[in-house]
Amino acid sequence: MKNNQSKSKKGILETMYDTIMEKGGPTGPITQSLVDLWEKPIELNPEDKKIIISYLKKGEN
30 MKNNQSKSKK GILETMYDTI MEKGGPTGPI TQSLVDLWEK PIELNPEDKK IIISYLKKGE
90 N
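Residue numbering for the sequence shown follows our numbering, starting at 30 and increasing by one per position.
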């Protein structure tokens, strides 16, 4: 298995997602979380971005 992984350029999350889908999809909370993470990447809220930007601007002065 280790030899097979070194040939593959996939990341661990993509490999886990593919395996879950090959076996019929998510069946529990952990596999559902992995599928959700792969299908919808985490994005910052616009409010969070504003806070980070304003903090960086204040720190530069």
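Beta carbons are placed, not taken as given, at the ideal position from N, Cα and C, and that holds for glycine.
* **Inside the region 36-77 only - alpha helix (DSSP H) runs reaching at least 4 residues** => 41-51, 58-68
* What residues in its chain sit with their C-beta under 7 Å from that of Gln61, if we drop five residues either side in the sequence? -> Pro55
* Distance, Glu43 Cα to Leu66 Cα -> 10 Å
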